[in-house]
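Q: At the far end of the sequence shown sits residue 341, using the working numbering, and the numbering has no gaps.
Where is the CB? At the ideal position from N, CA and C, for every residue including glycine.
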Amino acid sequence: MQELRYILVALGGIAIAALLIHGLWSNRKNRQAPIKEKPLGRMDSKSRDRDDDAFDSDGIGQVRVVSGGRRAEPKLHREERQPELSRRPAAPAFDEDEEDDLPPPVVRKPAEVNRRTPVYRSRPQREPVMPVADDEPLVEPAYATAPTFGAREPAHAPEYQAQPRHVAPEPVHEEPANEAPVAEEPRLAPQPVEKIWQDVYVINLMGRPGHDLQGATLLSSLMALGFKFGEMDIFHRHEDPNGKGEVLFSMINMVKPGTFNPYRMEQFSTPGVSLFMQLPLRSNAAFAFEDMLQAADQLASDLDAMLTDMERSPLSDETIARYRQELAAYEASRD
């Protein structure tokens, strides 16, 4: 606002200066040129006959121009103002026709004209009021520029008005009417699984009647299946065939003390051996049982032996299915 005030003051000063300059210029242009020649002399000299003393028939002498010592103005101004000056002294010339013997007043007329000339000089003091109507466009731009500054102020308004547009409306969450609350289903606590599995699963390999299992053939088959001789002087099948990892199942001799001597296997013979798997296991017990069942089938084929259960009854499919079901329940109890 302070800068706008300074600008308006400057524009007002410029407008006032323009008015003054225009008034002076109009005064100089409209000012009447000083009278150096009296046109009456030229008008009457041709129409009147004068005597030797320069008096006409009416006794009026030739008008003399009295110079006031002023500088002659340009001819352009003098020629423009001559008609106006010629009209002014014409009236006194005819008013004094009856006074033929009074030439001095004629001589004083130029002086009177010279005294009246300041009247024309003083006119510009009043005339600056007149150009205001003609030169209104000079003043109007000064006022016309003022609204331009005022018009810029609303330019900031859209910034404040535009702010609410960016405000996102607050989301209204309407609750659905007549909607029954959904009841959460009660979580049933896991019920304990009934223990139906055994701690030890056994598969026996029995020689046929009158025939024992030979140690050399047994040792060769065990090595092929990945068994390793180890603790308790028996053979073990590990998780890793190279003998590392958890023991999945083992094999013992049916004859007490149930051990083997790997250095005397060629002289060794036995009526039967037993494969057993003992729970719990870190590995999957169902998979370990399948490996033990596969190894028993291979040994029975190599040794021409029979497979029996723990009661030494022939191993049937029903018994194998029951073993598998029990081991599945065991694995389910571990989850």
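For residue 302 versus residue 240, is the C-beta spacing smaller than 8 angstroms?
A: Position 296 of the sequence shown, counted from the start, is the residue given in the question as residue 302. Position 234 of the sequence shown, counted from the start, is the residue given in the question as residue 240. Contact: no.
Q: Closest to residue 314 by CA distance: which of 251, 207, 15 and 340 is it?
A: The count along the sequence shown starts at 1 and reaches residue 314 at position 308. For residue 314, the nearest C-alpha among the options comes from 207.
Q: Between residue 249 and residue 318, what straight-line distance do the alpha-carbon atoms span, to the nearest angstrom?
A: For the purposes of this step, residue 249 is identified with residue 243 of the sequence shown, where counting begins at 1. For the purposes of this step, residue 318 is identified with residue 312 of the sequence shown, where counting begins at 1. Between residue 249 and residue 318, the C-alpha separation is close to 30 angstroms.
Q: Quick one: measure Cβ to Cβ for residue 244 and residue 251, integer angstroms, because I've assumed they're closer than 8 angstroms.
A: For the purposes of this step, residue 244 is taken as the residue at position 238 of the sequence shown. For the purposes of this step, residue 251 is taken as the residue at position 245 of the sequence shown. Residue 244 to residue 251, Cβ: 5 angstroms. Contact.
Q: Just to confirm, is the Cβ distance from residue 378 to residue 219 under 8 angstroms?
A: Residue 378 cannot be examined here, being either before or after the span of the chain that is shown, 7 to 341.
Q: For residue 339, which option in 286, 257, 296 and 31 has the closest C-alpha, if you only look at C-alpha atoms?
A: What you label residue 339 is simply residue 333 of the sequence shown in a count that begins at 1. Comparing Cα-Cα distances from residue 339 to each of 286, 257, 296 and 31, the minimum goes to 286.
Q: Using the three-state DSSP reduction, which class does residue 282 fall into: helix, strand or coil?
A: Stepping through the sequence shown from its first residue, residue 282 is reached at position 276. Strand.
Q: Which residues in the same chain as residue 276 place their Cβ atom closer than 7 angstroms to its Cβ, once the five residues preceding and following it in sequence are excluded?
A: Stepping through the sequence shown from its first residue, residue 276 is reached at position 270. Once the five neighbours on either side are set aside, the close Cβ partners of residue 276 are 218, 219, 259, 260 and 261.
Q: At a Cβ threshold of 8 angstroms, is residue 260 touching chain D?
A: Among the chains of the structure shown, chain D does not appear; only one protein chain is present.
Q: Please state whether DSSP places residue 244 in a helix, a strand or coil.
A: Here residue 244 is taken as the residue at index 238 of the sequence shown, counted from 1. Note: residue 244 maps to strand in three-state DSSP.
Q: With respect to the beta strand (DSSP E) encompassing residue 257, which residues constitute its N-terminal and C-terminal limits?
A: Residue mapping note: residue 257 aligns to position 251 of the sequence shown, counting from 1. Membership of residue 257 in the beta strand (DSSP E) is indicated by the continuous run 253–259.
Q: Please state the DSSP three-state secondary structure of residue 320.
A: Working through the sequence shown from its first residue, we reach residue 320 at position 314. Three-state DSSP puts residue 320 in a strand.
Q: Mark residue 255 as exposed unless 16 or more other C-beta atoms lie within 10 angstroms of its C-beta, in which case mark it buried.
A: Translated into the one-based positions of the sequence shown, residue 255 becomes position 249. So residue 255 ends up on the buried side.
Q: Can you tell me whether residue 331 is helix, strand or coil according to DSSP?
A: Position 325 of the sequence shown holds residue 331. Residue state, collapsed to three classes: helix.
Q: In the DSSP assignment, find the unbroken beta strand (DSSP E) run with residue 210 in it and report its ends.
A: The residue given as residue 210 occupies position 204 in the sequence shown. Run containing residue 210: 206–213, per the beta strand (DSSP E) assignment.
Q: In angstroms with no decimal places, state the Cα-to-Cα distance between residue 202 and residue 237.
A: In the sequence shown, the residue the question calls residue 202 occupies position 196. In the sequence shown, the residue the question calls residue 237 occupies position 231. Cα-Cα distance, rounded: 30 angstroms.
Q: Expressed to the nearest angstrom, what Euclidean distance is found between the alpha-carbon atoms of residue 131 and residue 10?
A: What you label residue 131 is simply residue 125 of the sequence shown in a count that begins at 1. What you label residue 10 is simply residue 4 of the sequence shown in a count that begins at 1. Any answer about residue 131 is weak, because its pLDDT of 49 lies below 50 and its placement is not dependable; what the coordinates show is given next. Distance between the alpha carbons of residue 131 and residue 10 is about 33 angstroms.
Q: Compare the beta carbon distance of residue 211 and residue 311 with 8 angstroms and say whether it is the shorter of the two.
A: In the sequence shown, residue 211 corresponds to position 205, counting from 1. In the sequence shown, residue 311 corresponds to position 305, counting from 1. The answer is yes: Cβ separation under 8 angstroms.
Q: Assuming contact is defined by CB atoms lying nearer than 8 angstroms, are residue 291 and residue 336 in contact in what I supplied?
A: The residue given as residue 291 occupies position 285 in the sequence shown. The residue given as residue 336 occupies position 330 in the sequence shown. Cβ distance < 8 angstroms, so residue 291 and residue 336 count as in contact.
Q: If we call anything under 8 angstroms between Cβ atoms a contact, is residue 304 one with residue 231?
A: Position 298 of the sequence shown holds residue 304. Position 225 of the sequence shown holds residue 231. Yes, they are a contact pair.
Q: Can you tell me whether residue 26 is buried or exposed? The criterion is at least 16 other CB atoms within 10 Å of its CB, across all chains shown.
A: Here the question's residue 26 lines up with position 20 in the sequence shown. Burial call: exposed.
Q: Return the Cβ separation of residue 300 and residue 205 in integer angstroms, given the expectation that the two are a contact with Cβ distance under 8 angstroms.
A: For the purposes of this step, residue 300 is taken as residue 294 along the sequence shown, with counting starting at 1. For the purposes of this step, residue 205 is taken as residue 199 along the sequence shown, with counting starting at 1. No, residue 300 and residue 205 are not in contact; Cβ-Cβ is about 22 angstroms, not under 8 angstroms.
Q: What is the C-beta distance between residue 316 and residue 281, in whole angstroms, given that I count them as a contact (C-beta under 8 angstroms)?
A: Taking the first residue of the sequence shown as position 1, residue 316 is located at position 310. Taking the first residue of the sequence shown as position 1, residue 281 is located at position 275. Between residue 281 and residue 316 the Cβ distance is about 11 angstroms, and since that is not below 8 angstroms, they are no contact.
Q: Which residues in the same chain as residue 168 place their Cβ atom closer than 7 angstroms to its Cβ, once the five residues preceding and following it in sequence are excluded?
A: Sequence index remark: in the sequence shown, residue 168 carries index 162 (1-based). Note on residue 168: pLDDT 49, under 50, position unreliable in the model; the coordinate value appears next. The answer is none, since no qualifying residue turns up.
Q: Would you please state the rounded distance, in angstroms, between the beta carbons of residue 235 and residue 266? I believe it to be under 8 angstroms.
A: Walking along the sequence shown from the start, residue 235 turns up at place 229. Walking along the sequence shown from the start, residue 266 turns up at place 260. Going by Cβ atoms, the distance from residue 235 to residue 266 rounds to 7 angstroms, so yes, they are a contact pair.
Q: Taking DSSP as the reference, what is the three-state secondary structure of residue 312?
A: By 1-based counting over the sequence shown, the position of residue 312 is 306. Strand, per DSSP.
Q: Which same chain residues end up closer than 8 angstroms to residue 160 when comparing Cβ atoms and leaving out the 5 residues on each side of it in sequence?
A: Along the sequence shown, read from residue 1 onward, the residue named residue 160 stands at position 154. Low local confidence applies: a pLDDT of 45 at residue 160 is under 50, so the model's placement there is unreliable, with the coordinate-based value given in what follows. Nothing listed; no residue qualifies.
Q: By the DSSP assignment, the alpha helix (DSSP H) with residue 223 in it spans what residues?
A: Mapped onto the sequence shown, residue 223 falls at position 217. That run of the alpha helix (DSSP H) goes 221–230.
Q: From which residue to which residue does the alpha helix (DSSP H) around residue 203 run?
A: Here residue 203 is taken as the residue at index 197 of the sequence shown, counted from 1. Careful: residue 203 lies outside any alpha helix (DSSP H) and carries neither H nor E.
Q: Taking 8 angstroms as the threshold (C-beta atoms), are residue 271 and residue 213 in contact?
A: For the purposes of this step, residue 213 is identified with residue 207 of the sequence shown, where counting begins at 1. For the purposes of this step, residue 271 is identified with residue 265 of the sequence shown, where counting begins at 1. In this structure, residue 271 does not lie closer than 8 angstroms to residue 213 by Cβ.
Q: In this structure, how does DSSP classify residue 265 when only helix, strand and coil are distinguished?
A: Taking the sequence shown and counting its residues from 1, the one referred to as residue 265 is at position 259. Coil.
Q: Using only the alpha-carbon positions, how far apart do residue 326 and residue 288 sit?
A: Indexing the sequence shown from 1 puts residue 326 at position 320. Indexing the sequence shown from 1 puts residue 288 at position 282. Each residue's Cα considered, the two are about 22 angstroms apart.
Q: Between the alpha carbons of residue 268 and residue 334, how many angstroms are there, rounded?
A: The residue you call residue 268 lines up with position 262 of the sequence shown. The residue you call residue 334 lines up with position 328 of the sequence shown. Cα-Cα distance, rounded: 36 angstroms.
Q: On the CB-based measure, 16 or more other CB atoms within 10 Å of its CB, does residue 7 come out buried or exposed?
A: Here residue 7 is taken as the residue at index 1 of the sequence shown, counted from 1. By the 10 Å Cβ count, residue 7 comes out exposed.
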